[in-house]
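**Q** Structure in structure tokens, see below.
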Amino acid sequence: MFRRVRPANSVAPADLERVSSWPLVLAALCLVGLGLGGLGWLAYARSVQAMAGVQTPATPAEASLNELRADLWRNSVELDIRSDPQAVATLLAEGKASQLAFRDPAKAGKQTQTGVLRKYLVSRHDLEGLPLQMESACKLSGDAAKMLQKVSTTLKSPGDMDFGASSSRHGNAFVEQMALIQRHAGQKERSLLVHPMEQMISVESADKREQLVKALADIPGSEATESLARLAVFDLSEPVRLKAVEALTQRDVATVRPHLLRVMQHPWAPASFHAAAALVHMDDRDAIPELKKLVKAPDPTVPYHDEEEGWVVKEMVRVNHHRNCLLCHPPSASTDDVVRGAMPTPGQSFEPGYGGAPPDGEMIRADVVYLRQDFSVMHKVEKAHPWPDMQRFDYLVRTRKLTSAELGRFEAKGAEFPQRQAILFALRAMKDKPRVN
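Below, the structure is given as structure tokens:
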């Protein structure tokens, strides 16, 4: 039913040579119509081709920022730790006890940073399959924590989170803040800027995200390369994606390629097209052998059989950033914790921001992170008062075990799906595009 083998009517590598013109590829994209529903694959494919430098007929429509935002919402599952009324109380009590024990080696025993959360998640089938970080990766080093604190206090306000529209409000002050952060970071500390800046600026307005790209472009190393690759494929703004791709062209393509190839099998189809466009724009012909292998890969959104877990499925999930603090961080048990953040309470107003004096109420440790999202997006929330109308949602992919009943509800899909068309697009484009010296 959902075996991970190439269907008989799918496109084999040898078939690539028989795709002789862009109209055929465009027609295939238009007929596929999977995953993105109303985005209009023909127009969207043409806009992606234009970004990659492939000449195509003009089209009056393309996937707008708001269409991509709506598609994200339709094609993701929302998780909420607060759907269990006892979740917060349980995780606060046990989490604080665990954090205090860590301060005393005699009491710490065999406790782990993620132990309390893992124990709780066993009781929540709706939260299973989340990609929790390994113990060695979930706690920031001392230097990284200090840099997070420095950046968070410098970027004091989220400014103009404005449904993604570009705005000049607070623009000069923001540029000055970014320059100040980079000046204060020594040459050896620059890589430590990457995560805090991406985490805080990725939900800002488009012009600020372009400033983020500019800052990342000046930081060498794998951390900045990976961050730029995420912006190049997941950002909803085409100008931001373009600037990120341009920044990536200045880096060793071999260090960029793995990040883009990985996204070719992401459950969110537009990200696969953005990754394909980036590979074409960078003229990365060394990626062709891997792309030909990926042509035979199955649809990443259908169930498959795992030898240990049985039938599982990859799902893109979204998490309301302010409702689920304890899903990503432990509670703070001491004012001595390096980086503390306020934990908003539903029904009580709060101002999203960074730095400043800690308010009354519970706090979390931002230097310990259980989950790393792929990207974050602002969505409008109905009946949000007294919280802001625009709220941050973090997106990530989980691999979840299916029950027999759930497996029966999945419908078998055809041989063609958007991620495969994105791969074919990249292969065809690099074959037709003149080699760039």
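Using my numbering, you'd call the opening residue of the sequence shown number 2 and step up by one each time.
Ideal Cβ positions, reconstructed from N, Cα and C, are used throughout, including at glycine.
Because the structure is a prediction, the values reported are computed rather than measured.
Can you give the Cα-Cα distance for residue 225 and residue 241, rounded to whole angstroms?
**A** Computed Cα separation, rounded: 15 Å.
**Q** Quick one: what's got a C-beta closer than 8 Å to residue 322's C-beta in the same chain, skipping five residues either side?
**A** Excluding five sequence positions before and after residue 322, the CB atoms of its chain that fall closer than 8 Å to its own CB belong to 377, 392, 393, 394, 395, given in chain order.
**Q** Looking at the structure shown, is residue 220 part of a helix, part of a strand, or coil, going by DSSP?
**A** coil
**Q** Tell me where the beta strand (DSSP E) around residue 311 begins and ends.
**A** 311-321
**Q** Whole angstroms is fine: what's the gap from residue 275's alpha carbon to residue 409's?
**A** 33 Å
**Q** Return the first residue and the last residue of the alpha helix (DSSP H) that residue 82 is part of.
**A** Element bounds for residue 82: n/a, residue is neither H nor E.
**Q** Do the CB positions of residue 150 and residue 340 come within less than 8 Å of each other?
**A** Yes, they are a contact pair.
**Q** Starting from the C-beta of residue 81, find all residues in its chain whose C-beta is less than 7 Å away, skip the five residues before and the five after it, and write them out in chain order.
**A** Closer than 7 Å at the Cβ level, and outside the excluded window around residue 81, lie 321, 324, 325.
**Q** Would DSSP call residue 343 helix, strand or coil?
**A** strand
**Q** Based on the DSSP output, what are the partners of residue 394 in its beta bridges?
**A** 321, 378
**Q** Rounded to the nearest angstrom, how far is the Cβ of residue 319 from that of residue 77, given a contact under 8 Å?
**A** 5 Å
**Q** Have a look at residue 57 and residue 386 and give me their C-alpha separation to the nearest angstrom.
**A** Because residue 57 carries a pLDDT of 40, less than 50, the predicted location of this residue cannot be relied on, and no value is offered for it.
**Q** Between residue 97 and the rest of its own chain, which residues show a CB-CB distance below 7 Å, the 5 nearest in sequence each way excluded?
**A** 332, 334
**Q** Can you tell me whether DSSP reads residue 369 as helix, strand or coil?
**A** strand
**Q** Between which two residues does the alpha helix (DSSP H) holding residue 275 run?
**A** 270-282
**Q** Once you ignore the five residues that flank residue 122 on each side, which residues in its own chain have a CB closer than 6 Å to its CB?
**A** 128
**Q** Could you give the distance in angstroms between the alpha-carbon of residue 302 and the alpha-carbon of residue 73?
**A** Residue 302 and residue 73: Cα-Cα distance of roughly 14 Å.
**Q** Can you give me the Cβ contacts of residue 390 inside the same chain, cut-off strictly under 7 Å, excluding the 5 residues immediately before and after it?
**A** Within the same chain, 381, 382 come within 7 Å of residue 390 by CB-CB distance, once the 5 residues on both sides are set aside.
**Q** Can you name the residues that DSSP bridges to residue 402?
**A** 313
**Q** Going by beta carbon distance, what residues of the same chain come within less than 7 Å of residue 244, once the five residues before and after it are set aside?
**A** Excluding positions up to five away in sequence, the list reads 211, 214.
**Q** Reducing DSSP to helix, strand and coil, say where residue 32 ends up.
**A** Any reading at residue 32 must be qualified, since the residue scores a pLDDT of 38, below 50, and its modelled position is unreliable; the value itself is stated next. Reduced to three states, the DSSP call for residue 32 is helix.
**Q** Once the 5 residues before and after residue 402 are set aside, which same chain residues still bring their CB inside 6 Å of it?
**A** Result list for residue 402: 310, 313, in chain order.
**Q** Within 10 Å of its beta-carbon, does residue 223 have 16 or more other beta-carbons around it, so buried, or fewer, so exposed?
**A** By the 10 Å Cβ count, residue 223 comes out exposed.
**Q** How big is the Cα-Cα spacing for residue 207 and residue 178?
**A** CA-to-CA, the gap between residue 207 and residue 178 works out to about 17 Å.
**Q** If you run the structure through DSSP and keep just helix, strand and coil, what is residue 384?
**A** coil
**Q** What are the boundary residues of the beta strand (DSSP E) that includes residue 338?
**A** Counting along the chain, residue 338 falls outside any beta strand (DSSP E), and DSSP gives it neither H nor E.
**Q** In whole angstroms, what separates the C-alpha of residue 31 from that of residue 291?
**A** Note on residue 31: pLDDT 41, under 50, position unreliable in the model; the coordinate value appears next. Between residue 31 and residue 291, the C-alpha separation is close to 25 Å.
**Q** Assign residue 267 to one of two classes, buried (16 or more other C-beta atoms within 10 Å of its C-beta) or exposed (fewer than that).
**A** buried
**Q** Taking residue 316 as the reference, give the member of 298, 397, 196, 368 with the closest Cα.
**A** 397
**Q** Put residue 439 into one of helix, strand or coil per three-state DSSP.
**A** Residue 439 lies beyond the stretch modelled for the chain, which goes from 2 to 438, so this question has no answer here.
**Q** Taking just the CA atoms, how far does residue 422 sit from residue 104?
**A** 53 Å
**Q** Around the Cβ of residue 263, are there at least 16 other Cβ atoms within 10 angstroms (buried) or fewer (exposed)?
**A** exposed
**Q** For residue 429, does the count of other Cβ atoms within 10 angstroms reach 16, so buried, or fall short, so exposed?
**A** buried
**Q** Since residue 364 contacts residue 342 with CB under 8 Å, what's their CB separation in whole angstroms?
**A** 6 Å
**Q** Just to confirm the assignment, what range does the alpha helix (DSSP H) spanning residue 144 have?
**A** First-last of the alpha helix (DSSP H) with residue 144: 143-155.
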